[in-house]
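Taken in order, the sequence shown gives residues 3 to 341; the numbers are from the working numbering.
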Amino acid sequence: MKQKLNEVLAAATADAALIQSLDQLEDFRIKYMGRKGELTAAMKLMGKLPKEERPAMGQVANEVRSAVEKLFNDKDAELKSQALQAKLESESIDVTMPAAELNRGTAHPLTKTLNEIVEIFIGMGFSVAEGPEVDTVYNNFDALNSPADHPSRSESDTFYITDNLLLRTQTSPVQVRTMKSTEPPIKIISPGRCFRKDEVDATHSPMFHQIEGLVVDKNISLADLKGTLNAFVKAVFGEDAKTKFRPHHFPFTEPSAEMDVSCFKCGGSGCKFCKHTGWIEILGCGLTHPHVLAECGIDTEEYSAFAFGMGLDRIAMLKYEIDDMRLLFENDKRFLQQF
Ligand code: 2NL
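So, in structure tokens, the structure goes:
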């Protein structure tokens, strides 16, 4: 039996030296150390020995088993260390390489324009008011003195959710909500997304952005409106910018006007930017109609108000000389990275 054990050890030693992979090591384990392996087979010879020889033979058997186990463990450690080494080498990082460039985003031109305009109005004591994009027909039209047959109410101009709910066509419903919930004086601007059933082209989009303003206080007159908007225009387009107010009509203001700014490109002498008129239209405004104030719970004997509304998209396009509105909404990185 001793000879058999030594043969097993010699064979195991020779086999172990040839092992090059964890699969081969597993084969080795099964061949020598497994339940049906060579060591087990040799141990079976123990039963044939005289009783008195068994303790000494047991000791030899244990030594051989330990030796085979050591062969296994050493090889196991060696293979694992080789694998780790190979992994470390293949995954090594050259810390002297230049870092990958950070793909940093930039603020969208609309966001930049909005932030600039908001800062200007905050500087004049306004607060920013926001409201839902889905609002009631009442807040969007009825409360704003819009005639029942006004074309803007039609199914072909406005996105209706139900008979009473719609996607707001302007941010005026935010002012309506504010007047109904707040005691004057009120001095707010309401920027936000608005929706109209317009076909997409270079100057139209069914989703666009508006900034409206509303000031409700005692003794508000057209002088306050003109003073505020002149200050705003100079802050955005420069000290030399001039304004011109042309009479207009809106259902929610009386009197109403559209305001033009002297062309910041040519200074008013005429160029292709202002279509050779020297002026660029930028907003609509007026004194808030008493019907609107009364509907929103404001005492028209005590208070008067002015309001204005402008398209943020259009102002951003003028400011950054963007000639197609679609560029603002396509999210093409090559476009956005220019701002
Ligand atoms: C435009 C310009 C405008 C207003 C919006 C307004 C809001 C309330 C009351 C009175 Cl709650 N007016 N907003 C006023 C004048 C012009 O927008 O071109 N709109 C079609």
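From the three backbone atoms N, C-alpha and C, an ideal C-beta is built for every residue, glycine too.
Please classify H291 as buried or exposed, where buried requires at least 16 neighbouring CB atoms within 10 angstroms.
buried
Residue range of the beta strand (DSSP E) that includes V217:
209 to 219
Taking the alpha carbon of G127 as the point to measure from, which residue in N221, P57, I190 has its own alpha carbon closest?
I190
Would F266 and G288 qualify as a contact pair, given that the criterion is a beta-carbon distance under 8 Å?
Not closer than 8 Å, so no.
In its own chain, which residues sit with a C-beta less than 6 Å from the C-beta of R316, not counting the 5 before and 5 after it?
The answer is none, since no qualifying residue turns up.
Is the beta carbon of L73 less than 8 Å from the beta carbon of A18?
yes
Chain D contact for D29 (CB, 8 Å cutoff)
Considering every chain present, this structure includes no chain D. It has just one protein chain.
Name the one or two DSSP bridge partners that I191 has.
Paired residues: V130, G215.
Go to P257, then tell me how far its alpha helix (DSSP H) extends in each direction, as first and last residue.
DSSP places P257 in no alpha helix (DSSP H) but in the uninterrupted beta strand (DSSP E) bounded by 255 to 264.
Nearest CA to the CA of M3: which residue from Q339, M45, I21, L11?
Among Q339, M45, I21, L11, the Cα nearest to that of M3 is on M45.
I think G229 touches H211, with their Cβ atoms under 8 Å apart; what is that distance to the nearest whole Å?
In fact, because the Cβ distance is near 25 Å, the residues do not count as touching under 8 Å.
Span separating the alpha-carbon of A259 from that of R328:
28 Å
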